[in-house]
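For the sequence shown, our numbering assigns the number 6 to the initial residue and increments by one for each residue that follows.
Beta carbons: idealized from backbone N, C-alpha and C, even for Gly.
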Amino acid sequence: MKYFIKLYSFFVNDEGKLNWKGGFVILAFPVWLWVDLIWLEPDNTWQEGIDEIKEFTSSIVWLVESELPKSLGLSNPNVKRIKSSTLSSCPNKTLERMINGFMAYPIWTGGESEEGNIFVNVKGGIIFQEKEVDAALQFSVNKDNFRVRALEFNEIPQNQLMITSLLIKMCEVQ
Numbered sequence: 006m007k008y009f010i011k012l013y014s015f016f017v018n019d020e021g022k023l024n025w026k027g028g029f030v031i032l033a034f035p036v037w038l039w040v041d042l043i044w045l046e047p048d049n050t051w052q053e054g055i056d057e058i059k060e061f062t063s064s065i066v067w068l069v070e071s072e073l074p075k076s077l078g079l080s081n082p083n084v085k086r087i088k089s090s091t092l093s094s095c096p097n098k099t100l101e102r103m104i105n106g107f108m109a110y111p112i113w114t115g116g117e118s119e120e121g122n123i124f125v126n127v128k129g130g131i132i133f134q135e136k137e138v139d140a141a142l143q144f145s146v147n148k149d150n151f152r153v154r155a156l157e158f159n160e161i162p163q164n165q166l167m168i169t170s171l172l173i174k175m176c177e178v179q
């Protein structure tokens with residue numbers, strides 16, 4: 006999953022649009038792969054090299070068309086709503102901007118529990134006490150508003166003080 010996160014974040018900018026770097030890699034990598042498979046590995050035939058290029062290109066197309074929008078939360082209206090919202094304590098920054106400026110490789114998901122509660126999760130890497138940790142922030146959503154429901158570092162629940170401190174810190178980051 007970590008490599009998938011790094012790969013899609015390389016291809017997409019903060020607005021969810023294809024990065025020029027990603028476009029360059031999509032175009033350049035098959036050439037590099039071709040050189041590697043055909044020129045550097047004498048056992049491979051031309052057809053094997055072409056098949057490898059086709060397979061890689063197909064996986065990139067699948068990633069960009071299918072999985073990328075899902076992992077960025079582009080297909081969930083509740084995720085879009087939370088991303089574009091602001092907090093009263095940080096009115097000049099959207100939550101998306103706060104989180105993208107603080108978390109490494111944030112992944113947004115949304116759904117509904119069996120009880121009918123609507124939630125939005127965002128997971129990504131942060132530095133906590135000088136160590137890299139996986140952070141998970143959960144928002145509960147209803148018709149009129151939303152609230153931060155939970156925070157976990159490496160799957161360990163954090164208290165309300167830690168949630169508040171993290172949100173303040175996220176707001177401060179440029």
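A direct Cα-to-Cα measurement between Pro82 and Val146 gives close to 11 Å. Residue state for Glu60 is assigned as helix, using DSSP reduced to three classes.
Taken through DSSP and simplified to helix, strand or coil, Ser145 comes out as strand. Nearest neighbour of Ser94 by Cα position, chosen from Gly106, Arg152, Glu135, Asn126, turns out to be Arg152. In the structure shown, Glu157 falls within a strand segment according to DSSP collapsed to helix, strand and coil. In the three-state DSSP reduction, Glu101 falls in the helix class (H, G or I). Contact holds between the stretch 116-133 and the stretch 89-108, because three or more Cβ pairs, one in each stretch, are under 8 Å apart. Out of Asp56, Asn164, Phe158, the CA that lies nearest to the CA of Gln134 is found in Phe158.
Closest option to Val84, judged by alpha-carbon separation, among Leu92, Glu101, Asn97: Glu101. Lys88 and Gly121 have their C-alpha atoms spaced approximately 21 Å apart. Within the same chain, Cβ atoms closer than 8 Å to the Cβ of Ser90 are found at Thr99, Leu100, Phe151, the five residues on either side in sequence being excluded. In the DSSP annotation of this structure, Glu135 is not part of any beta strand (DSSP E), being labelled neither H nor E. The beta carbon of Thr114 is closer than 6 Å to those of Asn126 in its chain, skipping five residues each way along the sequence. Taking Ile123 as the centre and dropping the five residues before and after it, the same chain places the C-beta of Asn83, Gly115, Gly116, Glu117, Ser145, Val146, Asn147 closer than 8 Å to its C-beta, in chain order.
For the 9 Å CB-CB criterion, Glu119 and Asp139 do not form a contact. Put simply, of Lys136, Ile112, Ala155 the residue whose alpha carbon is nearest the alpha carbon of Gln165 is Ala155.
For Glu177, the enclosing alpha helix (DSSP H) starts and ends at 165-177.
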